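Following: one structure in structure tokens, then a few remarks.
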Amino acid sequence: MKTSQFLLATTRETPADAEIISHQLMIRAGLIRRLAGGLYTWLPLGLRVLRKVENIIRQEMDKAGAQEVLMPVVQPAELWQESGRWQEYGAELLRINDRHNREFCLGPTHEEVITDLIRKEIRSYKQLPVNFYQIQTKFRDEIRPRFGVMRSREFIMKDAYSFHIDRASLEATYQVMYDTYHRIFERMGLNFRAVQADTGSIGGDGSHEFHVLADSGEDAIAFSTESNFAANVELAEAVAPSGARPAPGLVLAEVATPKTHSIEDVCALLKVEAKQTIKTLLVQGADQASPVVALVLRGDHEVNDIKVEKLAQVASPMTFANAEQIQQAAGCDAGSIGPVGLTIPVIVDRSAAHLSDFVCGANKTGYHLTGVNWERDVQPGLVADIRNVVEGDPSPDGHGFIQIRRGIEVGHIFQLGDKYSSALNANVLNENSRAQTLEMGCYGIGVTRLVAAAIEQNHDDKGVIWPESLAPFQVCIVPMQMHKSPRVKEVVEQLYQDLSAKGIDVLFDDRNERPGVMFNDMELIGIPHRIVVGERGLDDGMIEYKNRRDESSQNIPQADFMAFLIDKLVG
RNA sequence: CGGAGUGUAGCGCAGCCUGGCUAGCGCACCUGUUUUGGGUACAGGUGGUCGGGGGUUCGAAUCCCUCCACUCCGACCA
54 MKTSQFLLAT TRETPADAEI ISHQLMIRAG LIRRLAGGLY TWLPLGLRVL
104 RKVENIIRQE MDKAGAQEVL MPVVQPAELW QESGRWQEYG AELLRINDRH
154 NREFCLGPTH EEVITDLIRK EIRSYKQLPV NFYQIQTKFR DEIRPRFGVM
204 RSREFIMKDA YSFHIDRASL EATYQVMYDT YHRIFERMGL NFRAVQADTG
254 SIGGDGSHEF HVLADSGEDA IAFSTESNFA ANVELAEAVA PSGARPAPGL
304 VLAEVATPKT HSIEDVCALL KVEAKQTIKT LLVQGADQAS PVVALVLRGD
354 HEVNDIKVEK LAQVASPMTF ANAEQIQQAA GCDAGSIGPV GLTIPVIVDR
404 SAAHLSDFVC GANKTGYHLT GVNWERDVQP GLVADIRNVV EGDPSPDGHG
454 FIQIRRGIEV GHIFQLGDKY SSALNANVLN ENSRAQTLEM GCYGIGVTRL
504 VAAAIEQNHD DKGVIWPESL APFQVCIVPM QMHKSPRVKE VVEQLYQDLS
554 AKGIDVLFDD RNERPGVMFN DMELIGIPHR IVVGERGLDD GMIEYKNRRD
604 ESSQNIPQAD FMAFLIDKLV G
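First residue of the first sequence: 54, per the numbering used here; consecutive thereafter.
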């Protein structure tokens, strides 16, 4: 490809609304342009990268025995009503009506459609297991699209769905997909981790998310320093410090803490550390008998609402008690609640239960208690894991400690079980000629998001540095003064033809631009291998080579150049 | 949905508070000259419903009302 025939839409300036580096570079390098909120056009250069991503995924999915299909973007409401998600999905589901006023939606995902297909096409257990995938456009009406294609409303996803006669078969395919995802992201040269994940509203049991590690990531992931434990922070089990609870050393005392509204205020006033205090949160209870339930956490910890909602005593979704309920249950303002003397159910976090001689609210506005001890002063009641893990917590598997890093979720695999197959009545005849509901798995990869994630991990101050497997062009040719030197022009044209004939993706910068402009553009768009041809080099019989990641270039004798370059491309 | 902010040329912005001639600057783009191994320099030029509508005024980019779009923070969603 010659730049004179290619839309090289590079810009010098960064658009004001691009917050993160990948978004800025995708616009500056001319990969995408915004059409409206969360909607992007892929320019020729960006589309080349997108296709590389798609092809890697396609090859690996095919290799894993999955079959490619293509389902419609527009889906009939009836199917969604049948699964119950027409009501459940909420405003993210964009609903539309056709000219006959029939209801449809733009597909945010395709469990309903694929399950409908399977129930019609697959009749016998002998046809199982099957795994179908597509690479297709999804629409989710995100409340707040952001970061360019990282969280857009319309995006491309690879979604795969597998169907099985039993759990064991599902688990086997799940493992195949788990391994396939590793190969896919490895081929893309990404630094990623598979982490245990919450199954969310889709439901089911086993689930892993695949995260590309990047500081700009929207998700927090908890890792062990020593083992391969990794989980989404929302899901990671928080364990108490090891060893027995220290023995009480202080006498219980009440102190005045006027005008303190937060743990920080109290700590500053009493000169104690937040981890030596506990905070008590009142939330709505699950049953009439206990309309309010107390959650007790260490002052430096945060409540995890997903964990709390799984407790039988607490209403889901977790809802904080209002001021009136707090007065009624504790007899004070929200800032002075404590477990001592409470008559409502109390649920104590494991780490809070491990404290001795702690500080807590006195259930009397403007007062706290110091030197409080479990058992001696107050019964701990139910102890449970109700907080988010923090850095330095012991790893739940007993090896090492938790560290927290940020990640971009680029893949998610689920064991769905029979959630959709039973709702849509998808069954086959088993060996005993009896109808048996199918087991189902689903496996997603955010294709457009992967492009952004790859940039987050591969860039410098000059622009993108594409991993070899994702680069829109493998090689670029930058001629010096080609428009004045027939000798340079001849060498460069020949080189371009030779490389093209070998099936190498070459970008030949044939613009009549200054060298600096061409160098800067090629670095901005991140082409891995650069060839420079100029009078200066040709006088010595040399052609210049530089890798995008190298500090400086090297001169290679003209005669050896092709072999040298091929070696670089393969190597 | 709540809070904050921004809409002026393709992009980045100034002008608005304190109303006043033909609305400016940088980049990009076009023409010419120049330059040519890291975003040359000079000259000339194209391009504007100042987000839309309404109002106040002799006069509105500027003040007022209203609608719209977008961005950020939060909530929601997963």
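For each residue, glycine too, the CB sits at the ideal point set by N, CA and C. Small disclaimer: the values here were computed from a predicted structure and weren't measured.
**Message:** With DSSP as the reference, identify every bridge partner of residue 625, one or two as the case may be.
**Reply:** Given a span of 54 to 624 for the chain in the structure shown, any question on residue 625 remains unanswerable.
**Prompt:** If you measure from the CB of residue 417, is any heavy atom of the ligand FAD nearer than 7 Å?
**Reply:** The ligand content of the structure shown is nil, which means the ligand FAD is not present either.
**Item:** Residues near residue 300 by beta carbon distance below 8 Å, same chain, minus five either side
**Value:** The answer, listed in chain order, is 409.
**From 444, 207, 265, residue whose alpha carbon lies closest to that of residue 197** = With distances taken between Cα atoms, residue 197 lies closest to 207.
**Asked** By Cβ distance below 6 Å, which residues in the same chain neighbour residue 586 in space, the five residues on each side in sequence not counted?
**Response** Excluding positions up to five away in sequence, the list reads 532, 541, 544, 545, 596.
**Minimum C-alpha distance to residue 156 - residue among 130, 623, 165, 549** = Residue 156 has its Cα closest to that of 130, out of 130, 623, 165, 549.
**Bridge partner(s) assigned by DSSP for residue 583** = Within the DSSP bridge table, the entry for residue 583 names 529, 599 as partners.
**Asked** Would residue 395 pass as a contact of residue 426 if the rule is Cβ separation under 8 Å?
**Response** Between residue 395 and residue 426, the gap from beta carbon to beta carbon reaches 8 Å or more.
**Prompt:** Based on Cα-Cα distance, which residue from 285, 611, 165 lies nearest to residue 126?
**Reply:** Taking residue 126 as reference, the option from 285, 611, 165 with the minimal CA-CA separation is 165.
**Asked** What whole-angstrom Cβ distance do residue 500 and residue 209 have, given they're in contact under 8 Å?
**Response** Right, their Cβ atoms sit about 4 Å apart.
**Close-in-space but distant-in-sequence residues of the same chain around residue 111 (CB under 6 Å, 5 per side omitted)** = Excluding positions up to five away in sequence, the list is empty.
**Message:** What ranges does the beta strand (DSSP E) occupy inside the stretch 248 to 288, keeping only unbroken runs of at least 3 residues that lie completely in it?
**Reply:** The qualifying runs are 260 to 266, 272 to 277, 283 to 285.
**Asked** Leaving out the 5 sequence neighbours to the left and right, which residues in its chain are closer than 8 Å to residue 257 when beta-carbon positions are compared?
**Response** In this prediction, residue 257 has a pLDDT of 47, which is less than 50 and means its spatial position is unreliable; what the coordinates show is noted afterwards. Result list for residue 257: 467, 468, 469, 470, 472, in chain order.
**Item:** Delimiting residues of the alpha helix (DSSP H) encompassing residue 472
**Value:** It spans 472 to 476 - the alpha helix (DSSP H) in which residue 472 sits, taken as one unbroken run.
**Asked** residue 10: buried (16+ other C-beta within 10 angstroms of its C-beta) or exposed?
**Response** No statement about residue 10 is possible, as the shown extent of the chain runs from 54 to 624 and does not include it.
**Item:** Helix, strand or coil at residue 515 [DSSP, three-state]
**Value:** Three-state result, residue 515: coil.
**Asked** Who does residue 158 pair with in a DSSP beta bridge?
**Response** Residue pairing from DSSP places residue 158 in a beta bridge opposite 128, 148.
**Prompt:** At a cut of 8 Å, does the stretch 506 to 525 reach the stretch 566 to 582 through at least three beta carbon pairs?
**Reply:** The stretch 506 to 525 vs the stretch 566 to 582: in contact.
**Item:** Delimiting residues of the alpha helix (DSSP H) encompassing residue 685
**Value:** In the structure displayed, the chain extends from 54 to 624; residue 685 sits before or after that span and is not available.
**Request:** Assuming residue 520 contacts residue 242 (C-beta within less than 8 Å), just tell me the rounded distance between them.
**Result:** That belief holds up - the Cβ atoms of residue 520 and residue 242 are roughly 3 Å apart, short of 8 Å.
**Prompt:** In its own chain, which residues sit with a C-beta less than 8 Å from the C-beta of residue 67, not counting the 5 before and 5 after it?
**Reply:** Closer than 8 Å at Cβ, skipping near neighbours: 77, 80, 81.
**Prompt:** Considering residue 352, what are the terminal residues of the beta strand (DSSP E) in which it resides?
**Reply:** Where residue 352 is concerned, there is no enclosing beta strand (DSSP E), given that its DSSP letter is neither H nor E.
**Asked** Looking at the unbroken alpha helix (DSSP H) that takes in residue 494, where does it start and where does it end?
**Response** Residue 494 -> not in any alpha helix (DSSP H); beta strand (DSSP E) instead, spanning 492 to 499.
**Asked** In terms of alpha-carbon separation, which member of 178, 61, 142 lies closest to residue 490?
**Response** Comparing Cα-Cα distances from residue 490 to each of 178, 61, 142, the minimum goes to 178.
**Request:** Let me know the secondary structure DSSP gives residue 59 once reduced to three states.
**Result:** Residue 59 falls in the coil class under three-state DSSP.
**Prompt:** Given residue 477, which residues of its chain have a CB within under 8 Å of its CB, disregarding the five upstream and five downstream residues?
**Reply:** Listed in chain order, the non-local C-beta contacts of residue 477 below 8 Å within the same chain comprise 132, 135, 136, 165, 168, 169, 172, local neighbours out to five positions each way being set aside.
**Prompt:** Rounded to a whole number of angstroms, what is the C-alpha to C-alpha distance between residue 63 and residue 599?
**Reply:** Spanning the alpha carbons of residue 63 and residue 599 requires a straight line of approximately 21 Å.
**Asked** With a cut-off of 8 Å, do at least 3 Cβ pairs link the stretch 100 to 111 to the stretch 607 to 614?
**Response** Counting Cβ pairs under 8 Å, fewer than three are found: no touch.
**Asked** At what residue ranges does the stretch 173 to 247 contain a whole run of the beta strand (DSSP E), taking only runs of 3 or more?
**Response** The qualifying runs are 183 to 192, 207 to 217.
**Message:** By the three-class DSSP mapping on this structure, what secondary structure does residue 536 have?
**Reply:** It is coil, neither helix nor strand.
**Request:** Please look up how many angstroms separate the CB atoms of residue 327 and residue 353, rounded, as I've assumed it's under 8 Å.
**Result:** A Cβ-Cβ distance of about 4 Å is found for the pair residue 327 and residue 353, placing them in contact under the 8 Å criterion.
**Request:** Under 6 Å Cβ to Cβ from residue 97, same chain only, skipping five residues before and after it: list those, please.
**Result:** Answer for residue 97: 60, listed in chain order.
**Request:** Drop a sphere of 10 angstroms on the beta-carbon of residue 507, count the other beta-carbons inside from all chains shown, and report buried for 16 or more, exposed for fewer.
**Result:** With 16 or more other Cβ atoms within 10 Å, it is buried.
**Item:** For residue 625, the first and last residue of its enclosing beta strand (DSSP E)
**Value:** In the structure displayed, the chain extends from 54 to 624; residue 625 sits before or after that span and is not available.
**Asked** Roughly how many whole angstroms lie between the Cα atoms of residue 181 and residue 238?
**Response** Cα to Cα, the separation comes out at about 28 Å.
**Message:** Assuming the contact rule is C-beta atoms closer than 8 Å, residue 412 and residue 325 should be a hit. Round their C-beta distance to whole Å, please.
**Reply:** About 6 Å; that satisfies the 8 Å criterion.
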